[in-house]
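Quick notes on the structure that follows.
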Amino acid sequence: MTQADYVIREPWEHISDQRRASTFGMWVFLASEVLFFGGLFMCFTYLRVLHPAAFAEASSHTNIWYGTINTGLLLTSSFTMVMAARLADLELRRLMALCLVATVALGLAFLVVKGFEYREDFDRHLVPGRDFAIPVAAAQLFFSLYWAITGLHAIHLTIGIVAVSRLAFLVERRELALPSPEFEITALYWHIVDIVWIFLYPLLYLGGRS
Amino acid sequence: MTDAFASDRPSGLASSSDYLHAGHTLWSWLTTTDHKRIAILYGITITVFFLIGGAAITVVRYELLSPNGNLISDDTYNKLFTLHGVIMVWFFLIPSIPNTLGNFLVPLMIGAPDVAFPRLNLLSWYVNLAGGMFTLAALITGGVDTGWTFYTPFSTMFSNGDVLLAATGVFVAGFATIATGLNFIATIHMLRIEGMTWFRLPLFVWSIYAVSLVMVLATPVLATTLFLIFAERLFGLPIFDPAHGGDPLLFQHMFWFYSHPAVYIMVLPAMGVVTELITCFARRQVFGYTFMVYAMVAIAGVGFFVWGHHMFVSGQSPYASLIFSFLSFVIAVPSAIKVFNWTSTLYRGQISFEAPMLYALGFVGLFTVGGLTGLFLASIPVDVQVHDTYFVVAHFHYIMVGGSVSAFFGGLHFWWPKITGKLYSEAWARFAAVLMFFGFNFTFFPQFILGYLGMPRRYHVYPQEFQVYHEMSTMGASILAAAYLLPPFYLGWSLYAGKRAGNNPWGASGLEWQTSSPPPPKNFFVRPTVSERPYDYHASGRAPEADDRTPRRRQDKVA
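Chains as they are written, first to last, in this note's numbering: chain A, 22 to 231; chain B, 1306 to 1864.
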């Protein structure tokens, strides 16, 4: 039994077909993810056009340092993730496992920084409700979407961290052969999480600072 | 490689090796990855949901017998029609044809051993079931009174019902829909057998492809909408709340951006089924095959840009209304192309009236009525008059029940011999088909009149003069309910006492009829190859002969 037989699943006969199909399926899933986040971005854009001053005011209350550091962390993690997928193709197992671990670490670092940011937001009364800090009504809309979208993004990132950790674990235990399509599709998923953040960063942090 | 082909085997030999006998335990069903078995699992769950949704509306119809509304309370009435809508839309209609007939037939029709991602397919069933359980739990713990549309601000700020639980159910079920659509797209792209080019695909497969695109691209927007309901109702984050500058219209835009395409999720597969039925029982090539394909893709595409016609009286910009009205007329063009092509397929065909054909012909008539009344609603002045009345209720039931449910039953009867290997009682089946047609019209035609006269939907106390129409409608609904209860009996009976169906009882030309009935676990004993277009029932340029009902060529090479 070769390594390729080891990961092949019904109904595929050739590992190359299975990989093509898995990648294709993942792209279709990502299309639905784009619409999922797209709905939220549309919502944000619409309300921002309705209340430009309030959104600019609210946006200046976000902490740009946390946002910027996180952008750096996530972009770097995408680099290590794509390296891992490429190294799997080249069958460089050790180096690839290292890249997977680095990806997980960067993802976790993002969540930690986000956690500090959330705590600061709590302390500064940036949660919509009765004791909200900014006295403009529509500013609450901005922070509603801030919490909703960054929260949803964090959930996606958590799922990504679990998926990459699983890959690292299986590779370490030699339970997953390197031609498996799972490296490629996990990397694709990781990138959508990254790309969503690339849109979120200017919308949430840079908006009120021009 | 194709010299010993499945169809040449006597069907008796296959019984020991068909998919139904691949395992007998409950566990073998709950862990199966066979697309045919998953189709049956879906078939069982949607039947249960259909009965629940049907039971709710039966109470509603009896409540409406009298103008005073003295059978149930206002609150119960609101909860019952909400339950009916939520269950029927998300747990019956959306999964009905794609997940049962589509799951069973798409791999067979394209010559594949299974769908592209069999485990994802099984997972989708469990996810759908979990979503259904959440929604049922919401009903048991007190019900939801928002209507199936969950409009804000009522749903997020004022309703006392269990909105969150019901919305969670719908949200979860959405993952199953996306998984199904994704699976079909990948299957049709990647697993077509050698020679099965895109324009040799049966039109049912095309309809499933078109609907899968809508599923994958529309359902996530529903998820966004429900997610924001969670944010607002559960965490108190204002998004649609006008007191903070939010906009309830934004909710309606997002909701209908999903929910109008959802109508096409329900009706496109029905169109595919009906095409298969009409061509087979008229022994006629499908008239305008390529235009049927373009029409379906056009419906799927344009369907994304007509949602605003639900909001003509919601206060959206009149210019937006104008454009949405225009686009709603535009989408009638491909729909009309399909109706004309079905009719032209019948022209000079050798038509026979087996039960599936009765359902198919019923579909064409009812879909046409539903579609034409849709044009009334697409024109703004008429819509202002009949908006939110029984006219709208009658219109969409003509499409969803008269159209989709008729097609579902037609398809179920047509492929029943393939699915189970048994023949049902033709006389009972024809009786049920005719009864369903009359019961349906008896129920819903009076509602057009009711709505035109001004009876608003969702009210259970109404002026005396509407009573006669409500009584007609309720009597029709009783007939319809009886018609729906017949098939479980005679189809169930056929499982025990039905005659054994041959591989191809209707003399149809598609690949699914070339394997044994029921098919083996991997669908084909020998992998077929395809060299023909579908529906080759007669020579081009001349009508089929009256005495010759065998297809000229089957789709596989051997014939």
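C-beta: ideal position from N, C-alpha, C; glycine also. Since the model is a prediction, treat every value here as computed from it, not as a measurement.
Near residue i, what residues of its chain come up, given a Cβ to Cβ distance below 7 Å and the 5 sequence neighbours on each side ignored?
i: Pro1826 of chain B; result: Tyr1324, Ala1327 and Asp1339
i: His1565 of chain B; result: Gly1608, Val1611, Trp1612 and His1615
i: Ala1442 of chain B; result: Leu1470
i: Arg1859 of chain B; result: Ser1814 and Gln1819
i: Ala1435 of chain B; result: Val1477
i: Phe1355 of chain B; result: Phe1397
How big is the Cα-Cα spacing for residue i and residue j?
i: Ile1570 of chain B; j: Phe1747 of chain B; result: 26 Å
i: Met1501 of chain B; j: Leu1677 of chain B; result: 36 Å
i: Gln1621 of chain B; j: Asn84 of chain A; result: 37 Å
i: Leu7 of chain A; j: Ala1787 of chain B; result: Residue 7 of chain A lies beyond the residue range present for chain A, which begins at 22 and ends at 231; the question has no answer from this structure.
i: Pro32 of chain A; j: Leu56 of chain A; result: 30 Å
i: Met102 of chain A; j: Tyr1382 of chain B; result: 54 Å
i: Ile219 of chain A; j: Ile206 of chain A; result: 20 Å
i: Arg1588 of chain B; j: Asp1379 of chain B; result: 53 Å
i: Leu1335 of chain B; j: Ile1345 of chain B; result: 11 Å
i: Leu166 of chain A; j: Phe1562 of chain B; result: 20 Å
i: Phe1713 of chain B; j: Leu121 of chain A; result: 48 Å
i: Met1306 of chain B; j: Arg1832 of chain B; result: Since pLDDT at Met1306 of chain B reaches only 31, below the 50 mark, its modelled position is unreliable, and no value is offered.
i: Leu71 of chain A; j: Ile1544 of chain B; result: 13 Å
i: Ile1754 of chain B; j: Gly1416 of chain B; result: 48 Å
i: Val1519 of chain B; j: Met1559 of chain B; result: 15 Å
i: Ile1513 of chain B; j: Trp1503 of chain B; result: 13 Å
i: Thr1350 of chain B; j: Leu1816 of chain B; result: 28 Å
i: Asp1308 of chain B; j: Leu1682 of chain B; result: Residue placement at Asp1308 of chain B is poorly supported in this model, since its pLDDT is 33, which falls under 50; the coordinates are not used for a value here.
i: Gly1550 of chain B; j: Ala159 of chain A; result: 5 Å
i: Gly1290 of chain B; j: Ser99 of chain A; result: This structure cannot settle anything about residue 1290 of chain B, because the visible part of chain B is limited to 1306 through 1864.
i: Phe204 of chain A; j: Gly1479 of chain B; result: 26 Å
i: Phe1409 of chain B; j: Leu1522 of chain B; result: 23 Å
Give me, in chain order, the residues of the same chain whose beta-carbon lies closer than 6 Å to that of residue i; leave out the 5 immediate sequence neighbours on both sides.
i: Ala1665 of chain B; result: Val1579, Leu1582, Ile1583 and Gly1715
i: Leu1406 of chain B; result: Gly1716
i: Pro1372 of chain B; result: Tyr1767, Gln1769 and Gln1772
i: Gly1348 of chain B; result: Thr1405
i: Ala1734 of chain B; result: Ala1660 and His1718
Would you decide whether residue i is buried or exposed? Buried here means 16 or more other CB atoms lie within 10 Å of its CB.
i: Tyr1652 of chain B; result: exposed
i: Gly228 of chain A; result: buried
i: Lys1384 of chain B; result: buried
i: Ile1704 of chain B; result: buried
i: Ser1657 of chain B; result: exposed
i: Ser1312 of chain B; result: Interpretation of Ser1312 of chain B is limited by its pLDDT of 42, a score under 50 that renders its predicted location unreliable; the figure taken from the coordinates is listed afterwards. Answer is buried; the Cβ neighbour count reaches 16.
i: Arg230 of chain A; result: exposed
i: Arg140 of chain A; result: exposed
i: Met1438 of chain B; result: exposed
i: Glu1368 of chain B; result: buried
i: Glu1850 of chain B; result: exposed
i: Val1618 of chain B; result: exposed
i: Lys1723 of chain B; result: buried
i: Arg1624 of chain B; result: Position check: residue 1624 of chain B holds Tyr in this sequence, whereas Arg was assumed. Exposed.
i: Asn1375 of chain B; result: exposed
i: Thr1529 of chain B; result: buried
i: Ala1732 of chain B; result: exposed
i: Gln1590 of chain B; result: buried
Got a sec: does the ligand MN put a non-hydrogen atom nearer than 6 Å to the Cβ of residue i?
i: Phe131 of chain A; result: This structure does not include the ligand MN; it has no bound ligands of any sort.
Please go through the same chain and pick out, in chain order, the residues whose beta-carbon is closer than 8 Å to the beta-carbon of residue i, but skip the five residues on each side of it.
i: Leu1800 of chain B; result: Thr1725 and Lys1727
i: Arg30 of chain A; result: Gln39
i: Val1739 of chain B; result: Leu1663
i: Ile216 of chain A; result: none
i: Gly1593 of chain B; result: Ile1642, Asn1646 and Ser1649
Just the chain D side, please: which residues come within less than 7 Å of residue i by C-beta, in chain order?
i: Leu1539 of chain B; result: Among the protein chains in the structure shown, which are A and B, there is no chain D.
(request) With a floor of 4 residues, list each alpha helix (DSSP H) that falls wholly inside the segment 1609 to 1689 of chain B, ordered by position along the chain. (result) 1623 to 1651 and 1660 to 1683
(request) At 4 residues or longer, and completely inside the segment 46 to 101 of chain A: list those alpha helix (DSSP H) runs for me, N to C. (result) 73 to 80
(message) Any C-beta of chain A within less than 8 Å: which residues of the segment 1515 to 1535 of chain B qualify?
(response) Val1521, Leu1522, Ala1523, Thr1524, Pro1525, Val1526, Ala1528, Thr1529, Thr1530, Phe1532 and Leu1533
(message) Threshold first: 4 residues or longer. Then list the alpha helix (DSSP H) segments lying entirely within the segment 1352 to 1432 of chain B, N to C.
(response) 1379 to 1391 and 1408 to 1415
(message) What are the residues in the segment 1415 to 1436 of chain B lying within 7 Å of chain A by C-beta distance?
(response) Ala1417, Pro1418, Asp1419, Ala1421, Phe1422 and Pro1423
(message) Please list, in chain order, the residues of the segment 1456 to 1474 of chain B that have any C-beta partner in chain A closer than 9 Å.
(response) none
(request) Could you name the residues of the segment 61 to 93 of chain A whose beta carbon sits closer than 8 Å to any beta carbon of chain B, in the order they occur along the chain? (result) Leu61, Met63, Cys64, Tyr67, Leu68, Leu71, His72 and Ala75
(message) Closer than 7 Å between beta carbons: that is the criterion. Which residues of the segment 190 to 211 of chain A meet it against chain B?
(response) none
(message) So if I threshold CB-CB distances at 8 Å, which residues from the segment 1325 to 1349 of chain B count as touching chain A?
(response) Thr1338
(request) Pull out every residue of the segment 1602 to 1624 of chain B whose Cβ sits closer than 9 Å to any Cβ of chain A, in chain order. (result) none
(message) Against chain A, which members of the segment 1543 to 1557 of chain B pass a CB distance test of less than 8 Å?
(response) Pro1543, Ile1544, Ala1548, His1549, Gly1550, Gly1551, Asp1552 and Leu1555
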